[in-house]
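**Q** Chains as they are written, first to last, in the numbering used here: chain H, 177 to 390; chain L, -4 to 280.
Just so it is clear, CB atoms sit at the ideal spot from N, CA and C, and this is done for glycine as well.
Set out below in structure tokens:
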């Protein structure tokens, strides 16, 4: 217990580091994933190809390799940014591929008649997508987006190994200070449980509020 | 393509010309970006012969191959063990004994909510285990828990009449499971199971962070060699395609299996899962 009380500020710093990383990368992933999903259903061939390549490559890249390449590779091109920004970039791009697939399969669950009806009313592609299909798709994709974002929160632990302040990284300082290593990890685990269960609770709430099973 | 055509009209000659224009414009932009990236590579002298010369040496090729072998070894252990653990946990979750069911539910939910890396570090640092067993144990606990959920979903996905018919024939629960439900569930879930193994393969790279001598570790060794002018980018350019290629092959295999199983007459009584790794909110039924 005294591991937590003695080092509360250290734990809090790590905890909020993870939260911050999760929030920023989620925002990036949702935006990028949305853009890629609309690319993947677009009428223009090259957009579709670009979206498909983006998803196929990023979904099959080990996140550690991506972190390795982004954190240590981009500075070689003279692009020097804080490690946090690199971490958000890597996590956000990686997760965007999963979000894109979730959104696309959500779009596919909307009955075809909906799109056809919108079209026959004379709506354009963006109107059909924005006003008719996506609002309905949104209702079915709430649970899978939730679990993707939980995976994102868990993946943010990798950033700690690349010298970004986050929850898992606190163990190093604490073990150097000579605290009981098992209890250190117990509190880290509690921190992660709080984060993942909070996201899960938020998405259960959203699902109850708006969700429709198809 | 067939599903998304409802989103827009079949283009006429005018729209087709416009789409072609968009297509050409976006292709030019993408090519320009790729060209700029290539220019950056040349500009920062990533293609000098000193930076690429290490790959000519047999010792370094062996180092890379050994790293790749270690990656595959960890993957093999982790996948076999997590399949076994998943089977055990799924059996526990489907058990009629309350204590068994609750313990396995708790186990599965806990390890699904925990980052794999935290488990790996815990086993490596706190329990002072060697890197390979630590990596394999961490991956097994996580992927085993996820696979347990996949198996359970599969058993529940089999049409109710199948189990009821088996019970009506006088089979015991074990017989119903082993002869009727599980074979159909495994068929239906095979794509999801293989996709979960892709996740395990990708996560073997976490071994890099606990100094397990896997593929990325070998790359890092070469990349930090001053004799070859720190060939970091060349190493990434060699390693990334191999890693991504392996995962892609396995992913394509999952998609192929999904298509094949969907056509198979043996999956009539069950919906075949898409080739995506398990995505289920914690606590969802």
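#1: Going by beta-carbon coordinates alone, are residue 237 of chain H and residue 328 of chain H separated by less than 8 Å?
#2: Consider the Cβ of residue 68 of chain L: report whether some Cβ of chain H lies at a distance smaller than 8 Å.
#3: Which first and last residues belong to the alpha helix (DSSP H) in which residue 11 of chain L is found?
#4: Tell me which same chain residues have a C-beta within less than 6 Å of the C-beta of residue 73 of chain L, skipping the five on either side of it?
#5: With H, G and I counted as helix, E and B as strand and the rest as coil, what does DSSP make of residue 205 of chain H?
#6: What separation, rounded to the nearest whole angstrom, lies between the Cα atoms of residue 263 of chain H and residue 270 of chain H?
#7: Using only the alpha-carbon positions, how far apart do residue -1 of chain L and residue 217 of chain H sit?
#8: Can you check whether the C-beta of residue 177 of chain L is within less than 8 Å of a C-beta belonging to chain H?
#9: Should residue 32 of chain L go down as buried or exposed, given a rule of 16 or more other Cβ atoms within 10 Å for buried?
#10: Closest to residue 380 of chain H by CA distance: which of H/325, H/342, H/344, H/345 is it?
#11: Below 8 Å, can you find three or more Cβ-Cβ pairs linking the segment 222 to 239 of chain H to the segment 270 to 289 of chain H?
#12: Consult DSSP for residue 243 of chain L and reduce its assignment to one of helix, strand or coil.
#13: If contact means a Cβ-Cβ distance below 7 Å, which residues of the segment 1 to 23 of chain L contact chain H?
#14: Given a cut-off of 8 Å on the beta-carbon distance, is the pair residue 84 of chain L and residue 149 of chain L in contact?
#15: Give a yes or no on whether the minimum CB-CB distance between residue 207 of chain L and chain H is below 8 Å.
#16: To the nearest angstrom, report how far apart residue 280 of chain L and residue 157 of chain L are at their CA atoms.
#17: Does any residue of chain L have a CB that is nearer than 8 Å to the CB of residue 330 of chain H?
#18: Would you say residue -1 of chain L faces chain H, with C-beta separation under 8 Å as the test?
#19: Within the 8 Å Cβ cut-off, does residue 197 of chain L reach chain H?
#20: Taking the alpha helix (DSSP H) that residue 125 of chain L belongs to, which residues open and close that run?
#21: Could you give the DSSP three-state label for residue -3 of chain L: helix, strand or coil?
#22: Using a Cβ-Cβ cutoff of less than 7 Å, which residues in the same chain neighbour residue 235 of chain L once the five nearest sequence positions on both sides are dropped?
#23: Using a C-beta cutoff of 8 Å, does residue 73 of chain L count as contacting chain H?
#24: Chain H beta carbons: is any one of them nearer than 8 Å to that of residue 280 of chain L?
#25: Can you find a CB in chain H that lies within less than 8 Å of the CB of residue 26 of chain L?
#26: By a C-beta neighbour count over all protein chains shown, 10 Å radius and 16 as the cutoff for buried, is residue 23 of chain L buried or exposed?
#27: Tell me which residues share the same chain as residue 309 of chain L and place their Cβ nearer than 8 Å to its Cβ, disregarding the 5 neighbours each side in the sequence.
#28: For residue 228 of chain L, which residues in chain H fall below 8 Å Cβ to Cβ?
#29: Would the beta-carbon of residue 265 of chain L fall within 8 Å of that of residue 170 of chain L?
#30: Please return the same chain residues whose Cβ sits closer than 7 Å to the Cβ of residue 180 of chain H, not counting the five positions on each side in sequence.
#31: Which value, in whole angstroms, describes the spacing of the CA atoms of residue 301 of chain H and residue 27 of chain L?
#32: Output needed for residue 237 of chain L: all residues of its chain with C-beta closer than 8 Å, excluding positions within five of it in sequence on either side, in chain order.
#33: Looking at residue 315 of chain H: is its Cβ nearer than 8 Å to the Cβ of residue 388 of chain H?
#34: What do you get for residue 240 of chain L, buried or exposed, if any count of 16 or more other CB atoms within 10 angstroms of its CB means buried?
**A** Taking the definition as stated:
#1: Within the first chain, numbered from 1, the residue matching residue 237 of chain H stands at position 61. Within the first chain, numbered from 1, the residue matching residue 328 of chain H stands at position 152. For residue 237 of chain H and residue 328 of chain H, no; Cβs fall outside 8 Å.
#2: Sequence index remark: in the second chain, residue 68 of chain L carries index 73 (1-based). Output row for residue 68 of chain L: interface = no.
#3: Along the second chain, read from residue 1 onward, the residue named residue 11 of chain L stands at position 16. From DSSP, the alpha helix (DSSP H) with residue 11 of chain L extends over 8 to 38.
#4: Position 78 of the second chain holds residue 73 of chain L. These residues qualify, in order along the chain: 131, 134, 135, 195.
#5: Residue 205 of chain H sits at position 29 when you count from the first residue of the first chain. Residue 205 of chain H falls in the helix class under three-state DSSP.
#6: Translated into positions along the first chain, residue 263 of chain H becomes position 87. Translated into positions along the first chain, residue 270 of chain H becomes position 94. Whole-angstrom Cα-Cα distance: 11 Å.
#7: Locating residue -1 of chain L in the second chain gives position 4, where the first residue counts as 1. Locating residue 217 of chain H in the first chain gives position 41, where the first residue counts as 1. Confidence at residue -1 of chain L is low in this model, with a pLDDT of 47, below 50, so the placement of that residue should be treated as unreliable; the coordinate-derived value is given next. The straight-line gap from Cα to Cα measures roughly 6 Å.
#8: Within the second chain, the letter at position 182 stands for residue 177 of chain L. No, because no Cβ of chain H sits closer than 8 Å to the Cβ of residue 177 of chain L.
#9: Here residue 32 of chain L refers to the residue found at position 37 when the second chain is read from its first residue. So residue 32 of chain L ends up on the exposed side.
#10: Residue 380 of chain H sits at position 204 when you count from the first residue of the first chain. Answer by Cα proximity: H/325.
#11: yes
#12: Translated into the one-based positions of the second chain, residue 243 of chain L becomes position 248. Residue 243 of chain L: helix per DSSP, three-state reduction.
#13: 1, 2, 3, 4, 6, 14, 17, 18, 21, 22
#14: If you number the second chain from 1, residue 84 of chain L lands on position 89. If you number the second chain from 1, residue 149 of chain L lands on position 154. Result no, Cβ atoms of residue 84 of chain L and residue 149 of chain L do not sit closer than 8 Å.
#15: For the purposes of this step, residue 207 of chain L is identified with residue 212 of the second chain, where counting begins at 1. No - not a single Cβ of chain H is within 8 Å of the one on residue 207 of chain L.
#16: For the purposes of this step, residue 280 of chain L is identified with residue 285 of the second chain, where counting begins at 1. For the purposes of this step, residue 157 of chain L is identified with residue 162 of the second chain, where counting begins at 1. Because the pLDDT of residue 280 of chain L is 45, which lies under 50, any placement of that residue in the model is unreliable, and the number read from its coordinates should be weighed accordingly. Residue 280 of chain L and residue 157 of chain L: Cα-Cα distance of roughly 21 Å.
#17: Residue numbering aside, residue 330 of chain H sits at position 154 when the first chain is read from its first letter. By this cut-off, residue 330 of chain H is an interface position.
#18: Locating residue -1 of chain L in the second chain gives position 4, where the first residue counts as 1. In this prediction, residue -1 of chain L has a pLDDT of 47, which is less than 50 and means its spatial position is unreliable; what the coordinates show is noted afterwards. Yes, residue -1 of chain L lies at the interface with chain H (some Cβ there is under 8 Å from its Cβ).
#19: By 1-based counting over the second chain, the position of residue 197 of chain L is 202. It does: the Cβ of residue 197 of chain L has a partner Cβ on chain H nearer than 8 Å.
#20: Translated into the one-based positions of the second chain, residue 125 of chain L becomes position 130. That residue, residue 125 of chain L, is in no alpha helix (DSSP H); it is neither H nor E in DSSP.
#21: If you number the second chain from 1, residue -3 of chain L lands on position 2. Model confidence at residue -3 of chain L stands at a pLDDT of 43, short of 50, so the residue's coordinates are unreliable; what they give is reported in the following sentence. Residue -3 of chain L falls in the coil class under three-state DSSP.
#22: Numbered from its first residue, the second chain carries residue 235 of chain L at position 240. Once the five neighbours on either side are set aside, residue 235 of chain L has no close Cβ partner at all.
#23: What you label residue 73 of chain L is simply residue 78 of the second chain in a count that begins at 1. Judged by the 8 Å Cβ criterion, residue 73 of chain L is not in contact with chain H.
#24: As a working note, residue 280 of chain L is residue 285 in the second chain. Since pLDDT at residue 280 of chain L reaches only 45, below the 50 mark, its modelled position is unreliable, and the value read off the structure follows with that caveat. It does not: the Cβ of residue 280 of chain L has no partner Cβ on chain H nearer than 8 Å.
#25: Locating residue 26 of chain L in the second chain gives position 31, where the first residue counts as 1. No, residue 26 of chain L does not count as interfacial toward chain H.
#26: Indexing the second chain from 1 puts residue 23 of chain L at position 28. Classification of residue 23 of chain L: exposed, given that the 10 Å Cβ count is below 16.
#27: Any question about residue 309 of chain L goes unanswered here, given that chain L covers just -4 to 280.
#28: Within the second chain, residue 228 of chain L is the residue found at index 233, counting from 1. Result: 249, 252.
#29: Counting from one through the second chain, the residue named residue 265 of chain L turns up at place 270. Counting from one through the second chain, the residue named residue 170 of chain L turns up at place 175. No, the pair does not count as a contact, with Cβ atoms beyond the cut-off.
#30: Numbered from 1 along the first chain, position 4 holds the residue referred to as residue 180 of chain H. Cβ within range, chain order: 187, 363.
#31: Counting from one through the first chain, the residue named residue 301 of chain H turns up at place 125. Counting from one through the second chain, the residue named residue 27 of chain L turns up at place 32. Looking at the two C-alpha atoms, the distance is approximately 27 Å.
#32: Counting from one through the second chain, the residue named residue 237 of chain L turns up at place 242. 63, 210, listed in sequence order.
#33: For the purposes of this step, residue 315 of chain H is taken as residue 139 along the first chain, with counting starting at 1. For the purposes of this step, residue 388 of chain H is taken as residue 212 along the first chain, with counting starting at 1. Yes. Within cutoff.
#34: As a working note, residue 240 of chain L is residue 245 in the second chain. By the neighbour-count rule (16 or more Cβ atoms within 10 Å), residue 240 of chain L is not buried but exposed.
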